[in-house]
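Q:
Protein chains in written order, with my numbering: chain A, 3 to 115; chain B, 650 to 761.
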């Protein structure tokens, strides 16, 4: 079965550094999402993306965050200047049209030191 | 706004035991309800769903019934196996945006 692929699986960075989390959605999917889960807390919606633009974003998704689909296959989440509280598991997801079923990647564990 | 509250874990069971994970929700509209499962080292996978009141979702021996009167969607399995060890997430989405609101997840460990 096709999979959503995320890289890296673990990322350690220093506070203030920029990080880019990478995702390869399933090829015929048109809608893309980022979620995150801080340890011990709920999985939280960050942003949805369709037709090369953000459809919706949460209040977590401030100016430090950006998303991009640079080449028609990758879907990236950039954090410009990481904070300690950005440490979390970040999940990418995609879905085809006209279905509620999201397909998730296995996540990137981001640790900000 | 929408929110999901699920039973806190961790839950540890013996093989063949009965499993229940409680989930209740708050929503403004008529949401669809989901259970996602995350096996170790893998992404979240859709386990089952129900899209309207009184619907029952089922998959791999798991069941959950959409109860509008109690705003609940409890997950049950009659006889768990070691391979059911995972983190289980209850979630909802409002039709139209497909954005999921998740519960905190419940870690289930099944011992042989």
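Every residue, glycine too, gets a C-beta built ideally from N, C-alpha and C.
Shorter than 8 Å from the beta carbon of residue 692 of chain B to some beta carbon of chain A?
A: Yes - at least one Cβ of chain A is within 8 Å of the one on residue 692 of chain B.
Q: Identify the continuous beta strand (DSSP E) that holds residue 740 of chain B and give its terminal residues.
A: Counting along the chain, the beta strand (DSSP E) containing residue 740 of chain B begins and ends at 735 to 742.
Q: Suppose contacts are defined by Cβ-Cβ distances below 8 Å. Is residue 696 of chain B in contact with residue 688 of chain B by that definition?
A: Result no, Cβ atoms of residue 696 of chain B and residue 688 of chain B do not sit closer than 8 Å.
Q: Would you please verify whether the beta carbon of residue 748 of chain B is less than 8 Å from any beta carbon of chain A?
A: Yes, contact with chain A.
Q: How should residue 48 of chain A be labelled, buried or exposed, when 16 other C-beta atoms within 10 angstroms of its C-beta is the threshold for buried?
A: Answer is buried; the Cβ neighbour count reaches 16.
Q: Please report the distance separating the alpha-carbon of residue 73 of chain A from that of residue 24 of chain A.
A: Straight-line Cα distance between these residues: approximately 12 Å.
Q: Strictly by DSSP, which residues pair up with residue 760 of chain B?
A: Paired residue(s): B:663.
Q: Expressed to the nearest angstrom, what Euclidean distance is found between the alpha-carbon atoms of residue 677 of chain B and residue 650 of chain B?
A: Roughly 7 Å separates the two Cα atoms.
Q: In chain A, what lies closer than 9 Å to residue 724 of chain B by C-beta?
A: Correct list: empty, because the minimum Cβ distance to chain A is about 16 Å.
Q: Am I right that residue 26 of chain A and residue 37 of chain A are in contact with their C-beta atoms under 8 Å? What's the rounded C-beta distance?
A: Not a contact, Cβ separation roughly 16 Å.
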